[in-house]
Every structure is written in C-alpha cells, then in structure tokens.
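Order-wise, the sequence lines are chains A and B. Counting in the numbering used here, the final residue of the first sequence is number 178, and the numbers go up one at a time with none missing. Counting in the numbering used here, the final residue of the second sequence is number 273, and the numbers go up one at a time with none missing. The C-beta atom is built at its ideal place from N, Cα and C for all residues, glycine as well. Below: one structure, written as structure tokens.
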Amino acid sequence: MMRSLSLNFSDHKQRKRQQSNLIVLVLFVIIFIALFVDQARIEQEIVDIEESIARAQGRKTVKQAKPSEQDFRKMNIATAVQQKLNFPWHELLAAIEEVKQQTEHISLMAIQPNPAKGEVIIHAEAPELKTMLDFISLLEKQTVLKDVLLINQHRLDDSNDHDLAFTLKMGWVI
Amino acid sequence: MLLQWRKPITIALTPESITINSGNKAIHTINVDETATEKSSWSQVLTELESYAATIAANKVKFVISNNYVRYAILPWQTDVFSKNDWQSLAENNLREHYGNIVGNWQVTVAMQGYGKPMIISAIDQLLINRIDTLAKQFNWTVESIEPALMSVTNQYRNKINNTSFMLMTEQQRVLVAEIDKGCLVGFSVTSPLIGQEQNESNKLIKRILKMHSAGSSFIHYFGDQGLQANSDLESAKVIPLAINPEGSAMSIMLAKS
C-alpha cells in the first residue's frame with residue numbers, strides 16, 4: 005500500500021487553533037478523571053475514619069453495600085405505603101360510626117375518603133329532611149371532621165323507607 | 016453540530032471549473048470563462064469563486080488545487096539532514112535550480128515518505144494561497160487544508176495503487192506522470208500540451224518513460240477524462256483506471272469527490 009502524502013498549504017495558525025481546541029478538550033477530560041479519582045479517595049477516607057472510630061469504641065464495623073436502583077425503588081414504595089397507613093383512619097371511622105348510632109334511620113350508601121385532599125364524601129339516604137339535617141349537625145360536632153357541606157339532594161320515588169338521597173362533602177382533619 | 020465535528024466542504028479549483036462538494040447529493044459546479052484567462056493563471060478562477068462564496072455556509076473547507084497550479088519535484092534522501100528547516104531550504108534551492116528566482120513567490124512544502132525515502136516537494140503561487148486565506152476570512156470559513164490534486168488522488172486511492180507502477184493524471188493542458196517504486200513516489204514527468212493534444216502527449220510521455228524503465232512495472236493507474244483513456248494505445252502497459260470522468264464532465268467534479 006502506498007504511503008499517504010501530506011502536502012498541506014493551509015494557514016498554520018488555523019491548524020494551531022484546531023489543535024488548541026483539542027488540547028482544551030483533553031484538559032477537561034483530565035480534570036474530570038482527576039475529580040472522579042479524588043471523590044473515590046475521599047469516600048475511602050470516610051470509610052477508614054468510620055472504621056477507626058468504631059474500633060476505638062470497641063464496635064464491630066459492618067461494611068454496608070451501596071444501595072442499588074432497585075433498593076431505592078423499593079424504599080420509595082415503602083415510604084408511600086407508610087404515609088398512607090399514617091392517616092387517622094381509625095378516628096374517621098369511629099366518628100362516622102358514632103354519628104350513625106345516633107341517627108339510626110340514616111342509611112350510609114358510600115364513604116369516599118381522600119387523604120391527599122384531606123376531605124371525605126358521604127353518600128346516604130334519609131326518610132325525611134329533618135333526619136338529614138340532624139345527621140349533618142352531628143357530623144359537624146366531630147373533631148376529626150369540619151366544614152360539612154350538602155352538595156346535592158333529591159327525592160327517591162321508588163323507595164318506601166327513604167324519601168331523600170343526599171351527598172355530603174366535609175374536611176378531614178389529619 | 017459543532018464546527019469542529021462537521022465534515023469539511025471540498026472546493027476543487029481547476030482552470031475550467033470550480034466544484035463545491037458540501038457532502039450533499041447535489042454537487043455544485045461553476046464553469047470558468049476559459050477565453051478570459053490562461054491555464055496557468057488562477058486569478059479568474061478565484062474571482063468566479065468569490066462571486067459565489069456568499070452562498071457557501073461558514074464551515075471547514077478543504078481546497079483541492081489543480082495540477083495546473085502546482086509544481087512538483089523529488090528531493091533525494093540525505094542522511095546528514097535532520098531538521099525540517101534544512102529540508103525546507105534544500106527543497107527551495109532545488110526548485111530554484113529548475114525555475115529560477117520566481118520560486119521566491121511560491122509557497123513550498125516538503126512531504127516525507129519515510130526514513131531513507133525521497134522527499135516530495137510541491138509549490139503553489141503564494142498569491143493564490145493568500146487569496147484563498149483572504150476569502151476564508153471574509154466568509155468565515157476555516158481552511159482545513161489546501162491540497163494539490165496529486166495528494167488528494169494519491170491519498171484517496173492509495174489502497175488501489177500498485178507498489179511499483181505509474182500514475183497518470185490527465186487534465187486539460189496538463190499531463191502528470193508520477194513514478195511509484197516500493198510504495199513511494201520517486202519521480203514526476205509533466206507536460207503542458209495544447210487543448211486536444213492531451214491524449215497524444217500522455218501516450219508519448221508514457222511510452223518514453225516505459226522505454227527508460229524497460230525492466231520496470233507496466234501498470235499505469237489512470238485518473239482523468241474518459242475520452243483520453245478510451246483511445247489509449249499503450250500496448251505494453253496495463254492501464255488501470257482509478258476514476259474516469261464521464262465525457263463532457265468537469266475534472267473539478269472528480270477532484271472534489273476525491
């Protein structure tokens with residue numbers, strides 16, 4: 005194979021500028037590598053210091069493996085579940101149960117708690133308007149609930165026991 | 016894309032035409048008014064390029080210069096010369112012996128082919144280089160290289176070229192035969208025939224060289240117009256086309272593609 009020829013007449017300064025660009029790029033790469041190496045050195049130093057402190061205190065040191073991405077994902081799920089469990093479910097249900105015992109003629113059709121918004125929606129049926137108003141006033145007295153609001157009500161034509169269906173929206177004190 | 020990583024635009028300059036190959040499918044060719052100038056004069060060519068330059072985007076640019084505008088010579092290897100400056104001075108002296116004081120107006124470059132191998136000298140009018148640099152500054156081009164046509168073709172086809180052979184480059188009014196021995200260029204023969212006489216002159220030149228090297232290779236690598244190659248009557252040599260220019264097509268297109 006023939007050797008390649010190099011007979012370039014272009015301005016030397018321009019080629020030098022291109023070379024200087026390359027040098028800057030190489031410098032950046034070197035700095036990046038140096039920073040990476042230094043970070044690894046500092047981490048190792050931290051581990052060594054922790055070990056020496058543990059030895060001085062007579063504890064056994066346990067090397068902890070770095071958590072993987074899967075571990076982080078599991079941790080996030082666990083935190084979310086923990087948060088949901090931390091809501092005062094028991095207080096809410098106890099308050100509704102207490103009110104229900106005092107207004108026996110009310111039929112609870114659905115309870116929709118929304119912890120994220122801090123509100124509860126209750127669908128229920130009552131035989132008459134007074135029973136419904138009593139139910140609302142009793143709910144308002146509960147400390148775990150606030151701002152009870154009647155969203156809608158309508159008469160039921162095909163029911164003998166309950167004439168009124170209604171929906172309530174209230175704040176949930178978390 | 017960053018300018019640094021872009022593929023350069025290739026601009027091939029020949030006395031008949033200018034070809035701009037920006038890497039796209041469409042290769043732009045500008046014909047030069049041949050009646051207005053002599054073949055060895057590059058002024059008209061650069062004037063044509065200047066009028067078109069505004070349409071060429073700021074980019075890296077590679078110039079390929081026709082053999083009409085380049086002088087070549089071979090400098091034998093000398094064991095006691097080490098520095099590049101010494102080789103440069105020797106090259107300029109060598110050209111001065113052949114061409115006289117006009118060499119002072121030329122930019123001369125020397126290319127090594129390896130230890131103990133002869134040096135290649137090439138020279139281009141300094142004003143041509145200056146004019147290209149001015150154009151580049153004016154239109155914000157980065158001149159990546161200004162190469163003689165011989166260099167572009169050799170580097171493009173060096174895998175195809177036989178280690179011991181000849182390379183024939185035929186342009187209008189310029190025929191160049193480069194002698195290759197053991198993978199190195201060892202000699203040049205150049206003629207400047209009249210228009211239409213290129214084929215006869217290249218045949219004569221090749222025959223003369225083959226007679227001089229009767230024991231040598233008879234492979235001839237050809238780069239040039241189809242018309243010239245088709246009528247070749249070289250019986251003793253095997254002509255191997257590197258690239259053939261379709262008849263009527265500009266030589267600068269071939270150079271811009273190389």
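Check, Outcome
"Where does B/Ala-271 land, buried or exposed, given buried means 16+ other C-beta within 10 angstroms?", "buried"
"Considering only their Cβ atoms, is the gap separating A/Val-41 from A/Leu-96 smaller than 8 Å?", "no"
"Evaluate contact between the stretch 117-132 of chain A and the stretch 165-174 of chain A, counting only Cβ atoms and requiring at least three cross-stretch pairs below 8 Å.", "yes"
"Since I believe B/Ile-24 is in contact with B/Ser-37 (beta carbons under 8 Å), could you give me their beta-carbon distance rounded to a whole number of angstroms?", "5 Å"
"Is there at least one non-hydrogen atom of the ligand PLP closer than 7 Å to the beta-carbon of B/Phe-97?", "The ligand content of the structure shown is nil, which means the ligand PLP is not present either."
"Comparing C-alpha positions only, which one of A/Lys-121, A/Glu-102, A/Ala-130, A/Leu-89 sits nearest to A/His-109?", "A/Ala-130"
"Helix, strand or coil for B/Arg-146 per DSSP?", "helix"
"If we define contact as Cβ-Cβ less than 8 Å, is B/Glu-107 a contact residue for chain A?", "no"
"Could you check what DSSP says for B/Ala-138 in three-state terms: helix, strand or coil?", "strand"
"With distances taken between CB atoms, is the gap from B/Ala-138 to B/Gln-153 smaller than 8 Å?", "no"
"Select from the stretch 168-185 of chain B all residues with a C-beta closer than 8 Å to any C-beta belonging to chain A, and list them in chain order.", "Thr-169, Asn-170, Arg-173, Asn-174, Ile-176, Asn-178"
"Give a yes or no on whether 8 Å exceeds the smallest Cβ distance from A/Met-79 to chain B.", "no"
"Mind listing which residues of the stretch 113-140 of chain B have their C-beta closer than 7 Å to chain A's C-betas, in chain order?", "Gln-122, Thr-124, Ala-126, Gln-128, Gly-129, Ile-135, Ser-137, Ile-139"
"Can you grab the Cα-Cα spacing for the pair B/Leu-200 / B/Ala-193, in whole Å?", "7 Å"
"Are B/Ser-160 and A/Asn-80 touching if we call contact CB-CB under 8 Å?", "no"
"For B/Met-269, does the count of other Cβ atoms within 10 angstroms reach 16, so buried, or fall short, so exposed?", "buried"
"Could you list which residues in chain A have their beta carbon closer than 7 Å to that of B/Met-269, in chain order?", "Chain A residues near B/Met-269: none, gap ~18 Å exceeds 7 Å."
"Contact defined as beta carbons within less than 8 Å: I believe B/Glu-213 pairs with B/Thr-169. What is the distance between those atoms, to the nearest angstrom?", "Contact flag wrong, Cβ pair sits at about 20 Å."
"Hey, is the stretch 72-89 of chain B in contact with the stretch 125-139 of chain B, meaning 3+ C-beta pairs nearer than 8 Å?", "yes"
"Between B/Pro-30 and chain A, is any beta-carbon pair separated by less than 8 Å?", "no"
"Hey, how far is the Cα of A/Val-28 from the Cα of B/Ala-106?", "35 Å"
"Measure the CB-CB distance between B/Val-125 and B/Trp-92 and report whether it falls below 8 Å.", "no"
"Checking the sheet assignment: what are the DSSP bridge partners for B/Pro-256?", "B/Tyr-237"
"Can you find the residues in the same chain that come closer than 8 Å, C-beta to C-beta, to B/Ala-245, ignoring five residues on each side of it along the sequence?", "Annotation note: pLDDT 44 at B/Ala-245 (below 50); position unreliable, coordinate value reported separately. Cβ neighbours of B/Ala-245 beyond the five flanking positions: none."
"By how many angstroms is the C-alpha of B/Ile-221 removed from the C-alpha of B/Tyr-237?", "11 Å"
"Going by the beta-carbon positions, is the gap between B/Leu-61 and B/Ser-267 smaller than 8 Å?", "no"
"When you compare only the Cα positions, how much space is there between A/Leu-160 and A/His-166?", "7 Å"
"Against chain B, does A/Arg-7 count as a neighbour if the rule is that its beta carbon must be under 8 Å from one of theirs?", "yes"
"Within the same chain, show all residues whose beta-carbon is closer than 6 Å to that of B/Gly-198, passing over the 5 residues directly before and after it, in chain order.", "Asn-178"
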